[in-house]
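*Asks:* Using my numbering, read the sequence shown as starting at 396 and increasing by one per residue.
In this text, a Cβ means the ideal position worked out from N, Cα and C, and glycines have one as well.
Below you'll find the structure I mean.
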Amino acid sequence: MAADSDTSDPRAVAYDQRLAKAVVAAIRGLPVSPNALTALGMLVGIISGVLYAEGTRGAMIGGSLLFMVAVWMDHVDGEFARATGKTSRFGHYFDHVAAMTSYCAMFVGAGFGLRDTWLGEWAVPCGIAAGVSVALIFSIRLWQETVFGKETTVQTVRAGFEIEDTLYAVGPITWVGLMPPFVAAAGVGTPIYLIYAIWEAAGHVRRNR
């Protein structure tokens, strides 16, 4: 769910978005639509989830690489749309759905893929809990943005990173074999963050009565 607003201050642009801008500058002449890039990113995310569900080390490493690409492509489609003057309301919503699908696919796929680890029968529930919570968080954020304005969901960039960039850590976490504790933590932590997202949205409702 990358930020849509552009800025002239380079310090307020995350590193991965800067890379996306550079790539888009090179490909903006290609005969493709921003929505096609969004669909491609979503497909990459889904394949990542399928590979995670395989459960083998090789498949999970492959899944982690594709997931990192999917996270980065969440910036590419928006940058491409702005660079080519093809932004649209549908494209904005589609971007949210695509990112949500990619994140859910990774968590749920990892849950199924980790059944033979020490997580055992808890792996799938943890993965599903994290995936469903992510879907609900995205839905709440999108509703909040629609009702109260985009500025209520803008992510702050600090030292070239925004909170969403923590998802890139899924790659190294997978490579060093720490996915079981990560999914276990996500199965607990993501629902807790969902509660915070609900509380924050409720706060906007109260303040705008």
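Can you give, in chain order, each stretch of the alpha helix (DSSP H) that sits fully within the segment 444-512 and has at least 4 residues?
*Replies:* You should have 452-479 and 484-508.
*Asks:* What is the rounded straight-line gap between the Cα of A384 and the Cα of F507?
*Replies:* The structure shown does not extend to residue 384, since the chain is modelled only from 396 through 604, so no value can be given for it.
*Asks:* Could you name each continuous beta strand (DSSP E) segment of 3 residues or more that falls completely within the segment 412-437, going from the start of the chain to the end?
*Replies:* Complete beta strand (DSSP E) runs here, min 3: none at all.
*Asks:* Hey, is the segment 574-582 in contact with the segment 481-501, meaning 3+ C-beta pairs nearer than 8 Å?
*Replies:* Too few Cβ pairs lie closer than 8 Å, so no.
*Asks:* Start and end of the alpha helix (DSSP H) containing L589?
*Replies:* Start and end: M574 to R602.
*Asks:* My understanding is that M468 touches L435, with C-beta atoms under 8 Å, so please give their C-beta distance in whole angstroms.
*Replies:* 7 Å between Cβ atoms; contact.
*Asks:* Could you pull the start and end residues of the alpha helix (DSSP H) that T561 belongs to?
*Replies:* Unbroken run through T561: none, as it is neither H nor E.
*Asks:* Which residues in the same chain as I442 place their Cβ atom closer than 7 Å to its Cβ, once the five residues preceding and following it in sequence are excluded?
*Replies:* The residues are L461.
*Asks:* In terms of residues, what are the limits of the alpha helix (DSSP H) holding V542?
*Replies:* Run containing V542: A518 to F543, per the alpha helix (DSSP H) assignment.
*Asks:* Kindly list the residues whose CB is nearer than 7 Å to the CB of V529, restricted to its own chain and excluding five residues on each side of it in sequence; keep chain order.
*Replies:* Within the same chain, V529 has close Cβ partners M495, Y498, C499, F502 and T585.
*Asks:* Within its chain, find whatever has a CB closer than 6 Å to the CB of L446; leave out the 5 residues flanking it on each side and keep chain order.
*Replies:* A454, G457 and G458, listed in sequence order.
*Asks:* Under 6 Å Cβ to Cβ from L537, same chain only, skipping five residues before and after it: list those, please.
*Replies:* Correct list, in chain order: H491.
*Asks:* Identify which residue in G515, A478, M463 and P520 has its Cα closest to the Cα of V565.
*Replies:* Minimum Cα distance to V565 is reached at M463.
*Asks:* Shortest alpha-carbon distance to A518 belongs to which of V583, G544 and I590?
*Replies:* If we check each option's Cα against that of A518, V583 comes out closest.
*Asks:* Out of F543, F533, P429 and A421, which one is the CA nearest neighbour of V600?
*Replies:* Checked all of F543, F533, P429 and A421; the closest Cα to V600 is F543.
*Asks:* When you compare only the Cα positions, how much space is there between Y588 and I422?
*Replies:* Approximately 37 Å, taken between the alpha carbons.
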